[in-house]
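One structure is given below, encoded as C-alpha cells.
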Amino acid sequence: MRGFTLIELLVVVAVLGIISAIGVVAYSGYQDSARKRSAENTMLQISLSQVEHFSDNSEFHYTSTGTTCTPDQASNTSIATNLFINISDDIDFNICINKFGGASNDYQLRAVSTTNAACEITWNNVNQQFTRASPGCD
Numbered sequence: 009m010r011g012f013t014l015i016e017l018l019v020v021v022a023v024l025g026i027i028s029a030i031g032v033v034a035y036s037g038y039q040d041s042a043r044k045r046s047a048e049n050t051m052l053q054i055s056l057s058q059v060e061h062f063s064d065n066s067e068f069h070y071t072s073t074g075t076t077c078t079p080d081q082a083s084n085t086s087i088a089t090n091l092f093i094n095i096s097d098d099i100d101f102n103i104c105i106n107k108f109g110g111a112s113n114d115y116q117l118r119a120v121s122t123t124n125a126a127c128e129i130t131w132n133n134v135n136q137q138f139t140r141a142s143p144g145c146d
C-alpha cells in the first residue's frame, strides 16, 4: 500500500495557496464595486427624496450653503433627518448636497469614500450622470 510523498503534498498545498490568493483578490474587488454601487443607489434615492422635499417646501435641501460641500458624518445625519434616507455605514461613503450650476433648482450630490479619500463620486440633477473623479474609484 502506497501513500502520498512529501513532495506531492507540498505541491497540493502550493496549488491551494495560489488559488486562495487569487480568490481573495477577486473578492475584495467585488466588495469595492458593491460599495460604489450602493453609494450610487443611495445617491439616486436622495435625488428622489429631493423631489419630494421640493414639492413640500418649494426648495431643495442642501447640506452646505455654498457651491461646494465636504461629505462627512454630519452631512449624512442632515440627509437622514431632512430627507429620511439612512446612509448606511456599510457603504463606506459620506455624502453631501450642494448648489450646482446657475439655476436655483440645480444641486449636486457628492460622495467621498471613507477608506480612500481619492475616490469621489458626483451626480447632479442637470445631466443626471455619475462621474468618478479619480482612477482609484473605477
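Each residue of the sequence shown is one higher than the last, beginning at 9 in my numbering.
Ideal Cβ placement from N, Cα and C applies to all residues, glycine included.
Residue range 14–65 is occupied by the alpha helix (DSSP H) that includes residue 27. Distance from residue 101 to residue 42 at the Cβ level is roughly 12 Å; contact not present, criterion being Cβ atoms closer than 8 Å. A Cβ-Cβ separation of about 12 Å leaves residue 115 out of contact with residue 135 under the 8 Å criterion. Per DSSP, the unbroken beta strand (DSSP E) holding residue 119 starts and ends at 115–121. The Cβ-Cβ distance between residue 58 and residue 69 falls below 8 Å. Distance from the CA of residue 96 to the CA of residue 76, rounded to the nearest whole angstrom, comes to 23 Å. For residue 131, the closest alpha carbon among the candidates 122, 55, 85 and 66 is that of 55.
The Cβ neighbour count for residue 106, taken over all protein chains shown within 10 Å, is at least 16; the residue is labelled buried. In the DSSP annotation of this structure, the continuous segment of the alpha helix (DSSP H) that includes residue 84 starts and ends at 81–91. Straight-line measurement puts the Cα of residue 12 at about 47 Å from the Cα of residue 124. Per DSSP, reduced to three states, the secondary structure at residue 105 is strand. Judged by DSSP secondary structure, residue 138 falls within the beta strand (DSSP E) whose first and last residues are 138–140.
Ranked by Cα distance from residue 138, the options 64, 45 and 21 are led by 45.
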